[in-house]
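K.L.:
According to my numbering, the sequence shown is numbered sequentially starting from 3.
Below is the structure I would like to discuss, written out as structure tokens.
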Amino acid sequence: MIEILNSTELARARVAGSVVADILHTLKARAAVGTNLLDIDRWAGTMIADAGARSCYVDYAPSFGRGPFGHYICTAVNDAVLHGLPHDHELADGDLLTLDLALSKDGVAADSAISFIVGESRPPASVAMIDATERALAAGIAAAGPWARIGDISHAIGSVLGQAGYPINTEFGGHGIGSTMHQDPHVANTGRPGRGYALRPGLLLALEPWVMEDTAELVTDADGWTLRSATGCRTAHSEHTIAITDEGAEILTLPRPA
Numbered sequence: 003m004i005e006i007l008n009s010t011e012l013a014r015a016r017v018a019g020s021v022v023a024d025i026l027h028t029l030k031a032r033a034a035v036g037t038n039l040l041d042i043d044r045w046a047g048t049m050i051a052d053a054g055a056r057s058c059y060v061d062y063a064p065s066f067g068r069g070p071f072g073h074y075i076c077t078a079v080n081d082a083v084l085h086g087l088p089h090d091h092e093l094a095d096g097d098l099l100t101l102d103l104a105l106s107k108d109g110v111a112a113d114s115a116i117s118f119i120v121g122e123s124r125p126p127a128s129v130a131m132i133d134a135t136e137r138a139l140a141a142g143i144a145a146a147g148p149w150a151r152i153g154d155i156s157h158a159i160g161s162v163l164g165q166a167g168y169p170i171n172t173e174f175g176g177h178g179i180g181s182t183m184h185q186d187p188h189v190a191n192t193g194r195p196g197r198g199y200a201l202r203p204g205l206l207l208a209l210e211p212w213v214m215e216d217t218a219e220l221v222t223d224a225d226g227w228t229l230r231s232a233t234g235c236r237t238a239h240s241e242h243t244i245a246i247t248d249e250g251a252e253i254l255t256l257p258r259p260a
């Protein structure tokens, strides 16, 4: 299903996106050496409820997971990259943490992810990998606009990641979003320009470049959810929800000004 939102629904999407962004950046500020992933999950649940929103994850039970997910946020540490199931784990100095949050407010969903390093250490390879996903995300957004093609976005993202030297997995990528979290069209993190669905004003997309340092192969944890690099290498993931407008692409998951 591909949804095209009207102006009223788009206004709701802006609110949902701001809530996602505010929660993610509050959690980033709270995440410190010794913070438990279960505390992050609990904080996320409280903030979602306080915002009058609903988690897209608690009851989420797709075919590839061992559902329902049962938590409010995905927390992926170091070699984990996608669908990180919160568990009893305390963060250490230098850990690379990815927080991925999707929620629905007033019938419209928004989805975003950030990767960052906990504590004072700044491992250069991890810094470079996070930077590559952020630059790839910016390139994908720049390529999005009315009547551009999905392939244009995929090509822009893949060009940045490939030039940075990272293998690219195409099994999981970006996606349409609207009244539900995951919709068509799929947005692979590499592709050919000029191909695929033509973007229309009112379309929402969640773009999410993610990479693993030295492999494109994923393995699944015994929890049935958490996806890790097959080699144990570190990973990074950046994501925004955008709206296609008559003027271009509007980022919905930016924090509101203080």
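Every residue, glycine too, gets a C-beta built ideally from N, C-alpha and C.
Kindly provide the ranges of any alpha helix (DSSP H) runs that are 4 or more residues long and lie completely inside the stretch 135-215, ordered along the chain.
P.N.:
As far as the stretch 135-215 is concerned, its whole alpha helix (DSSP H) runs of at least 4 residues are 152-165.
K.L.:
Using the Cα positions of ALA51 and ALA104, report the straight-line distance between them to the nearest angstrom.
P.N.:
Distance between the alpha carbons of ALA51 and ALA104: 13 Å.
K.L.:
Quick one: measure Cβ to Cβ for ILE253 and ILE143, integer angstroms, because I've assumed they're closer than 8 Å.
P.N.:
Indeed, because the Cβ distance is near 6 Å, the residues count as touching under 8 Å.
K.L.:
Please state if the CB of ALA134 and the CB of VAL162 are separated by a distance shorter than 8 Å.
P.N.:
Cβ distance < 8 Å, so VAL162 and ALA134 count as in contact.
K.L.:
When DSSP labels each residue in this structure, what does HIS73 get in the three-state scheme?
P.N.:
In this structure, HIS73 counts as coil in the three-state DSSP scheme.
K.L.:
Sorted by chain position, which residues of the same chain lie with C-beta nearer than 7 Å to THR233's C-beta, five sequence neighbours on each side aside?
P.N.:
Taken in chain order, the residues that qualify are ASP216, THR217.
K.L.:
For the beta strand (DSSP E) containing ASP102, list its first residue and its last residue.
P.N.:
Start and end: 98-107.
K.L.:
If you compare alpha carbons, which of MET49, ALA31, GLU92, SER123 is closest to ILE116?
P.N.:
Ranking the options by Cα distance to ILE116, first place goes to ALA31.
K.L.:
Along the chain, where does the alpha helix (DSSP H) that runs through LEU29 open and close?
P.N.:
9-32 is the span of the alpha helix (DSSP H), which, as asked, contains LEU29.
K.L.:
For the candidate residues ASP108, TYR59, ALA158, GLU136, whose alpha-carbon lies nearest to that of GLY19?
P.N.:
Residue ASP108 is the option with its Cα nearest to GLY19.
K.L.:
On the three-state DSSP scale, how would you describe LEU40?
P.N.:
Helix, per DSSP.
K.L.:
Under a Cβ-count criterion, where at least 16 other Cβ atoms within 10 Å of its own Cβ denotes burial, should PRO88 be classed as buried or exposed?
P.N.:
Flag for PRO88 reads buried.
K.L.:
Within the same chain, show all residues whose beta-carbon is closer than 8 Å to that of ILE132, passing over the 5 residues directly before and after it, in chain order.
P.N.:
Once the five neighbours on either side are set aside, the close Cβ partners of ILE132 are LEU98, SER117, PHE118, ILE119, ALA238, SER240.
K.L.:
Using only alpha-carbon positions, find the residue among SER181, PHE174, ARG236 that is nearest to PHE66.
P.N.:
Ranking the options by Cα distance to PHE66, first place goes to PHE174.
K.L.:
Could you give the distance in angstroms between the alpha-carbon of ASP90 and the alpha-carbon of ASN8?
P.N.:
Roughly 42 Å separates the two Cα atoms.
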